[in-house]
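Mapping of the sequence shown onto my numbering: position 382 corresponds to residue 382, and the numbering continues sequentially without gaps.
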Amino acid sequence: MKIAILGFGTIGTGVYEIISTYKAKSLADVEVVKVLDLPQNKDKLDIITDNYDDILQDKSIDCVVETMGGLHPAYEFITAAMKAKKHVVTANKAVVAKYMEEFIALALENKVRFLFEASTGGGIPWIASLEKAKRVDDISELYGIFNGTSNYILDAMTNQGKDFDEVLKKAQELGYAEADPSADIDGYDVQNKVVISSAVAYNTKINMEDFPCYSLRTINSIDINYFKKLNRTIKYIGEAVVNHTGYEAYVMPNALANDTVEANVNSNFNIATLYGQSIGPLKFYGQGAGKLPTANAIVQDILDIQSPIGSLIDFSNKLAYQPTQENVYVIRSTNTVDMTNIETKEEFEGQTYYTTKPMVASTLVELVKSIDDSQAFVAKLAAFKG
Numbered sequence: 001m002k003i004a005i006l007g008f009g010t011i012g013t014g015v016y017e018i019i020s021t022y023k024a025k026s027l028a029d030v031e032v033v034k035v036l037d038l039p040q041n042k043d044k045l046d047i048i049t050d051n052y053d054d055i056l057q058d059k060s061i062d063c064v065v066e067t068m069g070g071l072h073p074a075y076e077f078i079t080a081a082m083k084a085k086k087h088v089v090t091a092n093k094a095v096v097a098k099y100m101e102e103f104i105a106l107a108l109e110n111k112v113r114f115l116f117e118a119s120t121g122g123g124i125p126w127i128a129s130l131e132k133a134k135r136v137d138d139i140s141e142l143y144g145i146f147n148g149t150s151n152y153i154l155d156a157m158t159n160q161g162k163d164f165d166e167v168l169k170k171a172q173e174l175g176y177a178e179a180d181p182s183a184d185i186d187g188y189d190v191q192n193k194v195v196i197s198s199a200v201a202y203n204t205k206i207n208m209e210d211f212p213c214y215s216l217r218t219i220n221s222i223d224i225n226y227f228k229k230l231n232r233t234i235k236y237i238g239e240a241v242v243n244h245t246g247y248e249a250y251v252m253p254n255a256l257a258n259d260t261v262e263a264n265v266n267s268n269f270n271i272a273t274l275y276g277q278s279i280g281p282l283k284f285y286g287q288g289a290g291k292l293p294t295a296n297a298i299v300q301d302i303l304d305i306q307s308p309i310g311s312l313i314d315f316s317n318k319l320a321y322q323p324t325q326e327n328v329y330v331i332r333s334t335n336t337v338d339m340t341n342i343e344t345k346e347e348f349e350g351q352t353y354y355t356t357k358p359m360v361a362s363t364l365v366e367l368v369k370s371i372d373d374s375q376a377f378v379a380k381l382a383a384f385k386g
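Below, the structure written as structure tokens:
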């Protein structure tokens, strides 16, 4: 199989290295014949081109691997590749989350494969596991730590006593966080992964505009210490659940009991859990990002192209956002809080923490809006099934 790689940054070079350097027997027939990159980089490798038409018009190329990131021109390149009867593999969670339904339909129309394992969970075989689980089981819930950068920050704050800004700067130096860390710490990255995971698990398209997403950037060391006093650890969690009337989802800090598996996931590692009606909880742990883990997932998808099994996602399940689960939340704010739905109010190290009565997510959203505090911190007191 001949492939072309779009983008030759961290992930693109990782894919090239695995295919060109590792001597696994399964890769014997896989060859990188073209790489799309900037003109100034053409002297790095003799197969680099800056003209996408060189790839589209080359009938010998079977598969295009998109590692550029972002929505555009990734969207245009992916659609053009499938229209040219080329399989597509991507790690781009933003473009997959937004255009997945269109991409899958286009792949079926052109009798090619569209695979995106590396878009969610990096090197963790999360998408494949969701697809296998739902063949014989009804998945009712999925959740996890889907972002390595935010977990690295929380781990350092919790176990090393460091401040948020200090750890974020270190994460940027290590390459875990971008110069603009918004996608990681404001939850957009996790939102995309929840949308993708839900499409696979539930055969439904959910809109990230519908469900709450609370940023991590307002957390401070006093918050960490407050939850330590409660024997809890803060983790940044994405979750999606189907219920009798629709679905509910969120991205927000969770205060987890110290003895839960998720509370003990350290550094930049990820963990993802699915809950099946017959199998119960299944957990998948590992490196959720990075050059070789993500590239490994891409190469696995390349090898899966030869599998006769097509997409198991048909978007036939039309679900509306209907939160029904009642949960307890903790809000830290300096502003006035309506006490109607508040169970307790507590002062700790000069800050005020409000613990809510059990409430559905839509009630929480209205409560937080009414507080109108851009520096407020919101966390769910979570109790997972497994």
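For glycine and all other residues, C-beta sits at the position ideal for the given N, C-alpha and C. Note that the structure is predicted; figures quoted are calculated from it, not measured.
Along the alpha helix (DSSP H) that carries residue i, what are the first and last residues, could you check?
i: Lys-98; result: 93-110
i: Lys-169; result: 164-173
i: Tyr-226; result: 221-229
i: Tyr-353; result: Element bounds for Tyr-353: not the alpha helix (DSSP H) but the beta strand (DSSP E), 351-356.
i: Glu-366; result: 361-371
i: Lys-132; result: 126-136
i: Met-157; result: 148-160
i: Thr-10; result: 10-21
Are the CB atoms of residue i and residue j nearer to each other than 7 Å?
i: Gly-123; j: Ala-379; result: no
i: Tyr-285; j: Ile-271; result: yes
i: Gly-238; j: Phe-146; result: yes
i: Leu-274; j: Ile-139; result: yes
i: Asn-192; j: Lys-59; result: no
i: Ala-171; j: Lys-162; result: no
i: Val-330; j: Thr-355; result: yes
i: Phe-114; j: Ile-104; result: yes
i: Val-33; j: Tyr-16; result: no
i: Leu-154; j: Ile-234; result: yes
i: Phe-377; j: Thr-158; result: no
i: Asp-301; j: Val-35; result: no
i: Pro-293; j: Val-328; result: no
i: Glu-346; j: Tyr-353; result: yes
i: Ala-91; j: Ser-129; result: no
i: Asn-258; j: Asn-231; result: yes
i: Ala-361; j: Tyr-188; result: no
i: Glu-349; j: Ile-222; result: yes
i: Ala-240; j: Gly-14; result: no
i: Ala-289; j: Ile-196; result: no
Considering just the uninterrupted stretch of the beta strand (DSSP E) at residue i, what are its terminal residues?
i: Val-33; result: 31-36
i: Lys-2; result: 2-6
i: Ile-139; result: 139-145
i: Ala-240; result: 232-242
i: Leu-216; result: No beta strand (DSSP E) contains Leu-216, which DSSP labels as neither H nor E.
i: Glu-343; result: 342-348
i: Lys-380; result: 377-381
Under 7 Å, Cβ to Cβ, is there at least one residue of chain B near residue i?
i: Pro-39; result: As a matter of chain content, chain B is missing from the structure shown, which is built from one protein chain.
Mark residue i as exposed unless 16 or more other C-beta atoms lie within 10 angstroms of its C-beta, in which case mark it buried.
i: Asn-279; result: The sequence shown places Ile at residue 279, not Asn. Exposed: under 16 other Cβ atoms inside 10 Å.
i: Leu-38; result: exposed
i: Arg-135; result: exposed
i: Thr-21; result: exposed
i: Gln-57; result: exposed
i: Gly-70; result: exposed
i: His-87; result: buried
i: Gln-375; result: exposed
i: Gln-287; result: buried
i: Gly-175; result: exposed
i: Ala-179; result: exposed
i: Asn-41; result: exposed
i: Met-339; result: exposed
i: Ser-307; result: exposed
i: Lys-291; result: buried
i: Ser-26; result: exposed
i: Asp-62; result: buried
i: Asn-51; result: exposed
i: Ser-215; result: buried
i: Ala-28; result: exposed
State the CB to CB distance for the pair residue i and residue j, rounded to an integer number of angstroms; the pair is presumed to be in contact (CB under 8 Å).
i: Leu-6; j: Val-65; result: 7 Å
i: Gly-276; j: Ala-133; result: 6 Å
i: Glu-248; j: Phe-211; result: 7 Å
i: Leu-142; j: Gly-246; result: Not confirmed; about 15 Å, so no contact.
i: Asp-372; j: Asn-335; result: 6 Å
i: Asp-186; j: Thr-149; result: 11 Å between Cβ atoms; not a contact.
i: Asn-207; j: Ser-316; result: The pair is not a contact, with the Cβ atoms about 17 Å apart (cut-off 8 Å).
i: Thr-67; j: Gly-121; result: Between Gly-121 and Thr-67 the Cβ distance is about 16 Å, and since that is not below 8 Å, they are no contact.
i: Ile-313; j: Val-194; result: With 8 Å as the limit, Ile-313 and Val-194 do not qualify as a contact, their Cβ atoms being about 15 Å apart.
i: Phe-77; j: Asn-151; result: Contact doesn't hold; Cβ gap of about 31 Å is too wide.
i: Val-299; j: Ile-19; result: 6 Å
Practice item. Can you check the stretch 244-332 for any beta strand (DSSP E) of at least 3 residues that lies completely inside it and give the ranges in chain order? Key: 247-257, 269-276, 280-287 and 328-332
Practice item. With a floor of 3 residues, list each beta strand (DSSP E) that falls wholly inside the stretch 53-93, ordered by position along the chain. Key: 63-66 and 87-90
Practice item. May I have a chain-ordered list of the alpha helix (DSSP H) segments no shorter than 4 residues that lie completely inside the stretch 169-203? Key: 182-185 and 188-202
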